[in-house]
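To keep things clear, I will list the structure first and then write my remarks on it.
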């Protein structure tokens with residue numbers, strides 16, 4: 001989505017961005033789950049889980 005100068009929002013597609021000399025990119029955030037499985041001395045599995053939400057990956061990732 002893009003916001004026009006008059007406040008109207010509209011979908012932006014790659015061709016329209018090129019014609020208007022606009023950047024077709026977006027910040028990228030992901031949700032990450034880290035899971036570590038350890039085996040104990042008696043072959044018992046211990047699982048440790050950590051959740052990370054909205055991890056910032058990059059500022060202007062090009063979209064194709």
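Numbering (our numbering), first residue to last: 1 to 64.
For glycine and all other residues, C-beta sits at the position ideal for the given N, C-alpha and C.
Note that the structure is predicted; figures quoted are calculated from it, not measured.
Checklist entry - Which two residues bound the contiguous beta strand (DSSP E) that contains residue 19? => result First-last for residue 19: 14 to 19, but that is the alpha helix (DSSP H), not the beta strand (DSSP E).
Checklist entry - Relative to the alpha-carbon of residue 31, which residue among 25, 15, 41, 53 has its alpha-carbon at the smallest distance? => result Nearest in C-alpha terms to residue 31, of all of 25, 15, 41, 53, is 53.
Checklist entry - Once you ignore the five residues that flank residue 49 on each side, which residues in its own chain have a CB closer than 6 Å to its CB? => result The answer, listed in chain order, is 35.
Item to check | Neighbourhood of residue 40 by C-beta distance below 7 Å, restricted to the same chain and skipping five residues each side | outcome: By the criterion of a C-beta distance shorter than 7 Å, residue 40 is surrounded in its chain by 46, once the five residues flanking it on both sides are discounted.
Next on the checklist: Check this for me: beta carbons of residue 28 and residue 12, under 9 Å apart or not?
Outcome noted: no
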